[in-house]
Amino acid sequence: MKYLPFLFILILSSCSSYKNMPLNSSADVYPPPGTTTISENLFLDKTEVTNFHWLEYSNWLKKVYGEDSEVFKSSIPNEEAYTAVYSQNINGNPIELIHPAYREYPVVGISYQQALDYSKWRSDRVMENFLVEKGILSLPHSSHKDSIFTIEKYFKGQYLNIQPSKEILFYPKYSLPNAENFKKASQFTDSLYTAFIQTSKGKKYAKLNDRNCMGKTSDSTQIGPSPVNSQLNNKKLKISHLNGNIREMTAIEGEFFGLSYMDSCEIKDDKIIKDDNLVNSYTGFRNICTFQEWNGQY
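Mature numbering (1 follows the signal peptide of the UniProt record, and there is no 0) puts the sequence shown at residues -19 to -1, 1 to 279.
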């Protein structure tokens, strides 16, 4: 069983090149692939995490730990959430069975713990790719679970008996945004939109947070999420669906940011809401990334 092809998939999508990133100071870092800079050492995903991203993650776990493992099974999204969104009767892993046309739609039916597990996995894979590109690690050839790279193993000298480089002091940490992160991101998108309108020479454009929310029933042609990149056709608008499409998890379980396609467009969209309904068809997430200095624990 080969591990290498799965690393290539990651390199081509969510974990692209870090070759020019020194990682010996948090001031040296550049926006990780798929993110945009919100403030110093704070990078936010341009889009929500998609069905394709989750398929990549789920397939990796299945190859490494096995289809019958609890690790793989714990990554499977809620089936009812997918049936509700896509009107497709799914019996099994919805990420594997959903029609390919929906792969660029936001992943839903995900629990808070599943989102945390994905964030940690993403951190490990991005760091691994960086070290491979730097020539510090060789391309992995085994997918055995005991030989899988993690950030902790590397910095503790426990990964294949390789001693950590003295030049690599920082690592990428992906996590769920907190309320302050979302506030900064919302202010950032508002400033981008204002600047865009001022330079649009009077042309009419849809507002950046044209949010895919519920308007008047007679005007509603779609009830469900939109593709995550549908607002990124203009490259100046760097974040898609921050305040709509699906509501997004925060760093605190049970607290969410923004509206979903199920919410009225009249509701204020830039606030944190609390809800006990945690796993459903209208909640997803995106990651932030910060670069942390290794201090003995992740």
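Yeah, the Cβ is synthetic: ideal placement off N, Cα and C, and Gly gets one too.
| Asked | Found |
| --- | --- |
| Enumerate in chain order the residues of its own chain whose CB-to-CB distance from SER20 is below 7 Å, with the five nearest sequence positions on each side excluded. | LYS165 |
| DSSP three-state call for ASP200: helix, strand or coil? | Note that ASP200 scores 48 on pLDDT, short of 50, meaning its location in the model is unreliable; the coordinates nonetheless yield the value given after this. Correct three-state label for ASP200: helix. |
| Express the C-alpha separation of PRO206 and ILE233 in angstroms, rounding to a whole number. | 23 Å |
| Please work out which residues of its chain come closer than 7 Å, Cβ to Cβ, to ASP256, disregarding the five sequence neighbours upstream and downstream, and give them in chain order. | GLY235 and PHE237 |
| Out of LYS43, THR18, LEU25 and TYR11, which has the shortest C-alpha to C-alpha gap to VAL156? | Checking the sequence, you will find Ser at residue 156 rather than Val. The option with the nearest alpha carbon to SER156 is LEU25. |
| Measure the C-alpha to C-alpha separation of GLY73 and LYS147 and round it to an integer number of angstroms. | 46 Å |
| What's the gap between the Cα of ASN40 and the Cα of LYS115? | 26 Å |
| Quick one: measure Cβ to Cβ for GLY90 and TYR63, integer angstroms, because I've assumed they're closer than 8 Å. | 6 Å |
| Runs of 3 residues minimum, wholly inside the region 15 to 70: which ones carry the beta strand (DSSP E) assignment? | 16 to 20 and 23 to 26 |
| Within a Cβ cutoff of 6 Å, which residues of the same chain sit near GLU109, ignoring the five residues on either side of it in sequence? | PHE130 |
| Quick one: complete alpha helix (DSSP H) runs, 4+ long, within the region 111 to 168? | 132 to 136 |
| Got a sec, what are the start and stop residues for the alpha helix (DSSP H) GLU77 sits in? | 75 to 78 |
| Taking DSSP as the reference, what is the three-state secondary structure of THR264? | strand |
| From the DSSP output, which residues share a beta bridge with PRO87? | THR31 |
| Whole angstroms are fine: how far does the CA of ILE227 sit from the CA of ASN261? | 10 Å |
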